[in-house]
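Contents: one structure, followed by commentary.
In this note's numbering, the protein residues as written are 2 to 140.
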């Protein structure tokens, strides 16, 4: 998710464990491309950032200077651990949020967990997120 989205997510602290990827480790791996950003940035700015990364590696600028120039759309990965109660609250509070990243996040989680029925989400929430429950098989 982009840098601007994570502070919104960080409101959920109780029962949520989050480990983020360091931006500095990402910047050391390879030159930045458009795929490292939520939205396209100008090629001029992309070249500027890659020049800054080289200057940082050479010790000519500080880590803070480099991080300061990263746009908020820079993508950062995190590993999350949360429970059904956390996910239910996040879904109820954010399913119709104006940031499309929330719908993507919720859709990704809700379509990958077993027993989504245990969340007890109202039908209108599931319909808004376009989540379809699988019919229960009868024995």
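The C-beta atom is built at its ideal place from N, Cα and C for all residues, glycine as well.
Range of the contiguous alpha helix (DSSP H) that encloses residue i
| i | result |
| --- | --- |
| residue 80 | Segment 79-82 is the beta strand (DSSP E) holding residue 80; no alpha helix (DSSP H) there. |
| residue 102 | 101-111 |
| residue 20 | Taken as a continuous stretch (DSSP letters only), residue 20 belongs to no alpha helix (DSSP H), being part of the beta strand (DSSP E) at 18-21. |
| residue 46 | 44-58 |
| residue 40 | Note, residue 40: premise wrong, no alpha helix (DSSP H); not H, not E. |
| residue 69 | 64-70 |
| residue 8 | 7-10 |
| residue 14 | Where residue 14 is concerned, there is no enclosing alpha helix (DSSP H), given that its DSSP letter is neither H nor E. |
| residue 24 | 24-30 |
| residue 34 | Looking at the DSSP string, residue 34 is not in any alpha helix (DSSP H), and its letter there is neither H nor E. |
| residue 97 | Per DSSP, residue 97 belongs to no alpha helix (DSSP H) and is neither H nor E. |
Per DSSP, cross-strand counterpart(s) of residue i
| i | result |
| --- | --- |
| residue 126 | Residue 126 is not bridged to any residue. |
| residue 3 | 76 |
Cβ distance (whole Å) where residue i is taken to contact residue j below 8 Å
| i | j | result |
| --- | --- | --- |
| residue 3 | residue 76 | 6 Å |
| residue 111 | residue 132 | 5 Å |
| residue 122 | residue 67 | That belief does not hold up - the Cβ atoms of residue 122 and residue 67 are roughly 42 Å apart, past 8 Å. |
| residue 36 | residue 74 | The pair is not a contact, with the Cβ atoms about 12 Å apart (cut-off 8 Å). |
8 Å Cβ cutoff met for residue i and residue j
| i | j | result |
| --- | --- | --- |
| residue 21 | residue 79 | yes |
| residue 130 | residue 96 | yes |
| residue 83 | residue 126 | no |
| residue 72 | residue 114 | no |
| residue 1 | residue 104 | Here the chain comprises residues numbered 2 to 140, so residue 1 is not present and cannot be evaluated. |
| residue 13 | residue 87 | yes |
Is it a yes or a no for the region 97-117 touching the region 47-58, going by three-plus beta-carbon pairs under 8 Å? no
Stretch-stretch touch, CB-based, cutoff 8 Å, three pairs: the region 29-49 with the region 83-95: no
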